[in-house]
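Numbering (my numbering), first residue to last: 4 to 379. Ideal Cβ placement from N, Cα and C applies to all residues, glycine included.
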Ligand SMILES: *Cc1c(COP(=O)(O)O)cnc(C)c1O
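Here it is, written out as structure tokens:
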């Protein structure tokens, strides 16, 4: 929690739930990553937090952007990003959206199968393409494995096919899973990419770009590696696998740029003792699964939650959202403790909530308004 956010909450007393983001922290996180990866170009993964204020700061810092949709491409252009600094990194795109992006000047596209490549060849002729390979996502709190990526053999075939279709067969990407705390997972993937580079060079195709994806962790309840830790481990791995032929490197961080910059302030709606249940108190907040805390699904992301009464005697609680929906439970197993004196009307703060929250909030499920956002 920064002083700027603390003062804003104290002085403005905004209605809850609300997300308050300190843009200085976004800037710092971006700088830390670029210093940790001096050879890489950073493409901020816009979906983590596409707020105009965030994009403005990152354009100022010279970031490039990884967009998941045509709408996100428009957000980036509106913030002043150049089309040449945009990557359309979703492997699942409507052909009409590819064409629209190409018309705006976007020239870098992801794919992981033949049909998508054919769409690109038609709607974005001659553009640069990179093929996403699958990784296990082991060790990631928020996996992105099953749905994306192809195997190494398919990637080789597809890249040769891309060349034959007149595309710039540019490189290979992967994503080791979001909130990935094990840097070895990059090493495994980088080893595979190096093999693809070698085999394709022998087949007469020189790839140029290694896309390391996202996954760099934010600090929630547990310590996580720093940007420097990731940078050192991953650059060592690249040197190990590529030797003197270091390719162009790009990085697509989302969470690690915006998560730690934001805090959600929420109000306790009810604290109830339910002896017939499990003898734990239930704390119901005015934000839950449908209000933006979607990453608590299966208790995957364990936010650090504090109250203004912390320090008083505490006991175990279950934490749930306010809706009339049975799945709207945040934590039962993850061992959260809250003060015994906590009661309805008290404020709680959900830390490192600047990524993957506001855009996940439902439109008006149970009549709830989407999470209000403030950017300072
Ligand atoms: C979501 C996403 C990212 C960002 O991942 P983080 O774990 O937030 O860093 C990067 N690249 C692609 C292709 C993505 O879909």
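Under DSSP, the beta strand (DSSP E) around residue 114 begins and ends at which residues?
By 1-based counting over the chain shown, the position of residue 114 is 111. From DSSP, the beta strand (DSSP E) with residue 114 extends over 111-114.
Below 6 Å CB to CB, which residues in the same chain sit around residue 377 once its five sequence neighbours on both sides are set aside?
As a position in the chain shown, residue 377 is number 374, starting the count at 1. Result list for residue 377: 23, in chain order.
Using CA coordinates, which residue listed in 217, 211, 335 is at the minimum distance from residue 111?
By one-based count along the chain shown, residue 111 stands at place 108. Looking at the Cα atoms, 211 is the closest of the given residues.
With C-beta atoms as the reference, is residue 379 less than 9 Å away from residue 25?
Sequence index remark: in the chain shown, residue 379 carries index 376 (1-based). Sequence index remark: in the chain shown, residue 25 carries index 22 (1-based). Yes, the Cβ-Cβ distance between residue 379 and residue 25 is below 9 Å.
Considering only their Cβ atoms, is the gap separating residue 354 from residue 266 smaller than 9 Å?
As a first step, residue 266 is located in the chain shown; it is residue number 263 there, counting from the start. As a first step, residue 354 is located in the chain shown; it is residue number 351 there, counting from the start. Yes, the Cβ-Cβ distance between residue 266 and residue 354 is below 9 Å.
Tell me whether residue 223, by its Cβ, gets closer than 8 Å to a heavy atom of ligand 1.
Residue mapping note: residue 223 aligns to position 220 of the chain shown, counting from 1. Checking every heavy atom of ligand 1 against the Cβ of residue 223, none is found closer than 8 Å.
If we call anything under 9 Å between Cβ atoms a contact, is residue 321 one with residue 306?
Taking the first residue of the chain shown as position 1, residue 321 is located at position 318. Taking the first residue of the chain shown as position 1, residue 306 is located at position 303. The answer is no: Cβ separation not under 9 Å.
Could you check whether the Cβ of residue 25 sits closer than 8 Å to any heavy atom belonging to ligand 1?
As a first step, residue 25 is located in the chain shown; it is residue number 22 there, counting from the start. No, the Cβ of residue 25 stays beyond 8 Å of every heavy atom of ligand 1.
Return yes when at least one heavy atom of ligand 1 lies under 8 Å from the C-beta of residue 71, else no.
Here residue 71 is taken as the residue at index 68 of the chain shown, counted from 1. Yes.
If we ignore side chains and look at the alpha-carbon of each, how far apart do residue 122 and residue 68 end up?
In the chain shown, counting from the first residue as 1, residue 122 sits at position 119. In the chain shown, counting from the first residue as 1, residue 68 sits at position 65. When rounded, the distance between both Cα atoms is 22 Å.
For residue 199, does the three-state DSSP call read helix, strand or coil?
Translated into positions along the chain shown, residue 199 becomes position 196. Of the three classes helix, strand and coil, the one that applies to residue 199 here is helix, per DSSP.
Can you tell which of 145, 153, 33, 53 has its C-alpha closest to the C-alpha of residue 133?
Against the chain shown, residue 133 aligns to sequence position 130. With distances taken between Cα atoms, residue 133 lies closest to 153.
Within a Cβ cutoff of 8 Å, which residues of the same chain sit near residue 269, ignoring the five residues on either side of it in sequence?
Here residue 269 is taken as the residue at index 266 of the chain shown, counted from 1. Contacts found: 19, 20, 288, 289, 290, 350, 351, 352, 353.
So what does DSSP say about residue 258, is it helix, strand or coil?
As a working note, residue 258 is residue 255 in the chain shown. Helix at residue 258.
Let's see if you can read the secondary structure: which residues bound the beta strand (DSSP E) around residue 183?
Taking the first residue of the chain shown as 1, we reach residue 183 at position 180. It spans 181-183 - the beta strand (DSSP E) in which residue 183 sits, taken as one unbroken run.
Suppose contacts are defined by Cβ-Cβ distances below 9 Å. Is residue 282 in contact with residue 252 by that definition?
Here the question's residue 282 lines up with position 279 in the chain shown. Here the question's residue 252 lines up with position 249 in the chain shown. Not a contact, by the Cβ cut-off of 9 Å.
Under 8 Å by Cβ, that's how I've got residue 76 and residue 70 pegged, so tell me the actual separation to the nearest angstrom.
Taking the first residue of the chain shown as 1, we reach residue 76 at position 73. Taking the first residue of the chain shown as 1, we reach residue 70 at position 67. The pair is a contact, with the Cβ atoms about 5 Å apart (cut-off 8 Å).
Nearer than 8 Å: is that true of the beta carbon of residue 256 relative to any heavy atom of ligand 1?
On the chain shown, residue 256 is found 253 positions in, with the first residue counted as 1. Yes, since a heavy atom of ligand 1 falls inside the 8 Å radius drawn around the Cβ of residue 256.
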